[in-house]
Amino acid sequence: MNQIIENAFVKVEVSPHGAELQSIFNKQFHLEYLWQGDPAVWPRKAPVLFPIVGKVKDNQYTISGKTYSLSQHGFARDNAFTLVSATDTTLVYRLTHSEDSFKNFPYEFELDISYSIEHSILKVAYKIHNSSGTSDLYYSIGAHPGFRCPLVEGETFEDYYLEFEKAEKLNRVLLDGGLRGDQTEPVPLTNNKLPLSVNLFGSKDAIVVSGLHSERISLKSNKSVHGLHFDYKNYPWFGIWSKPGPFVCLEPWMGVADDIHAAGDFIKKESIQFLQPKAEALFTYSIELF
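Counted the way numbering that gives the first Met the number 0 counts, the sequence shown spans residues 0 to 289.
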């Protein structure tokens, strides 16, 4: 059963399937901000990417000489989470290793995903715990929320732009079958703004960049006052994606897809995260509606 948290400003709905956001509704403006899914375009809304971000080459990887298989973005988004705590304004969901998970990912873990609201801000946190007392844990995790674009009736996708908090020189890694290719391409900004257009995506897929200085990216319109601030910190990679319109995904990543030359060694994977036995890590982001 889906759970709802709300206050005077926002109402948020979450499904136990993948602990995935289902709605971010601004009660003051009567506006839905989250993409509502469409099987003909993109059926998901805000999947959590774990234990990999993107693809591993040939959907396979090795640990200590043994080969395992994982499909794009991992299995968390397709698993049932357990609701471990709930209040009027907070929810915490948990996914734990199992005999099934060991078939594709040979590590003991607990993944807690929490949602909390304060005024018009939704805060999201990922806590990863290495449940093993003897073995290290290697993993990646990332967010993939899709936002309605346009937000307001009568506007178009091209009426919107992304505004970066700081000056950036975006250099996207061009993808090859979902893997990072050898080619890069600059993505020009004007006054820290990236105008949205169908041509940004299409056959080129996502805009994948690393090393951003900004810790806030805002989705804004040229025609209305409504949009959102997306705040994140200490994520080495960021993805921006549409298929194309009427949505845009803002994706902070602790990890990235393999490149086309990857040898498959999971422990040597680009930007792989590491936890010692019984250790844990916390990653957060937030969405402020306006």
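Glycine is no exception: its CB is placed at the ideal position from the N, C-alpha and C atoms.
Bear in mind the structure is a predicted one, so any value in this text is a computation, not a measurement.
Kindly list the residues whose CB is nearer than 6 Å to the CB of I120, restricted to its own chain and excluding five residues on each side of it in sequence; keep chain order. Excluding sequence neighbours, I120 sits near S285 and E287.
How many angstroms separate the CA atom of T133 from the CA atom of P276? T133 and P276 have their C-alpha atoms roughly 6 Å apart.
Once you ignore the five residues that flank I206 on each side, which residues in its own chain have a CB closer than 8 Å to its CB? These residues qualify, in order along the chain: L169, R171, V186, L199, F200, G238, I239 and W240.
Quick check: F146 and I127, are their CB atoms within less than 8 Å of each other? No.
CB of I62 within 8 Å of CB of P105, strictly: With a cutoff of 8 Å on beta-carbon distance, I62 and P105 are scored as near each other.
Measuring alpha carbon to alpha carbon, tell me which of V55, S131 and N190 ends up nearest G176. When each option's Cα is compared against that of G176, the closest is V55.
For K10, which beta-bridge partners are listed by DSSP? According to DSSP, which records beta bridges pairwise, K10 is partnered with E5 and F24.
Is I216 helix, strand or coil when you go by DSSP? Correct three-state label for I216: strand.
Shortest alpha-carbon distance to L90 belongs to which of A142, V123 and H225? Out of A142, V123 and H225, V123 has the C-alpha closest to the C-alpha of L90.
Are the Cβ atoms of L211 and Y160 separated by less than 8 Å? Between L211 and Y160, the CB-CB gap reaches or exceeds 8 Å.
In angstroms, rounded to a whole number, what distance separates the CA positions of H260 and K267? H260 and K267 have their C-alpha atoms some 13 Å from each other.
Taking 8 Å as the threshold, find out whether the segment 243-262 comes into contact with the segment 0-9 through three or more Cβ pairs. At 8 Å Cβ cutoff, the stretches do not touch.
For F101, which residues from the same chain have a beta carbon less than 6 Å from its beta carbon, with the 5 sequence-adjacent residues on both sides left out? Taken in chain order, the list of residues that qualify is empty.
Quick check: what's the CA-CA separation for L30 versus V11? Between L30 and V11, the C-alpha separation is close to 12 Å.
Shortest alpha-carbon distance to A45 belongs to which of G17, A7, F289 and D135? Ranking G17, A7, F289 and D135 by Cα distance to A45 puts G17 first.
Just to confirm, is the Cβ distance from P144 to L48 under 8 Å? No, they are not a contact pair.
Residue nearest to N78 in terms of C-alpha spacing, selected from S223, T66 and R93: Among S223, T66 and R93, the Cα nearest to that of N78 belongs to R93.
Backbone secondary structure at F104 - three-state DSSP: Looking at F104 - three-state DSSP - the assignment turns out to be coil, as it is neither helix nor strand.
Would you mind reading off the limits of the beta strand (DSSP E) that contains Y32? Per DSSP, Y32 lies in no beta strand (DSSP E) segment and is marked neither H nor E.
Distance, A278 Cα to K222 Cα: Taking the Cα positions, K222 is about 48 Å away from A278.
Could you check whether S213 and F273 sit closer than 8 Å to each other, using their CB atoms as the reference points? Their beta carbons are not under 8 Å apart, which means F273 does not touch S213 by this criterion.
Environment of G254 [buried if 16+ CB atoms lie within 10 Å]: G254 counts as buried, since at least 16 other C-beta atoms from the protein chains shown sit within 10 angstroms of its C-beta.
If you count every other CB in all the chains shown that lies within 10 Å of the CB of S217, and 16 or more means buried, which is it? Buried: at least 16 other Cβ atoms inside 10 Å.
Proximity winner among S70, F8, D204 and A166, relative to T189 (alpha-carbon distances): Cα-wise, what sits closest to T189 is A166.
Candidates T283, F289 and P251: closest to I291 by CA position: Residue 291 cannot be examined here, being either before or after the span of the chain that is shown, 0 to 289.
Just confirm the distance between the C-beta atoms of H225 and F156, as a whole number of angstroms; I'd bet it's less than 8 Å. Contact between H225 and F156 is ruled out by a C-beta separation of about 15 Å, above the 8 Å threshold.
Neighbourhood of T86 by C-beta distance below 8 Å, restricted to the same chain and skipping five residues each side: Within the same chain, T86 has close Cβ partners I4.
Return the residue from the list F229, A7, G36 and G153 that minimises the CA-CA distance to L20. Considering only alpha carbons, the answer is G36.
Can you check whether the CB of S70 is closer than 8 Å to the CB of T88? No.
Same chain, Cβ closer than 6 Å to T81, neighbours up to 5 away in sequence not counted: Answer for T81: R93, listed in chain order.
Which one or two residues does DSSP pair with D230 in a beta bridge? Looking at the DSSP output, D230 bridges to R215 and S285.
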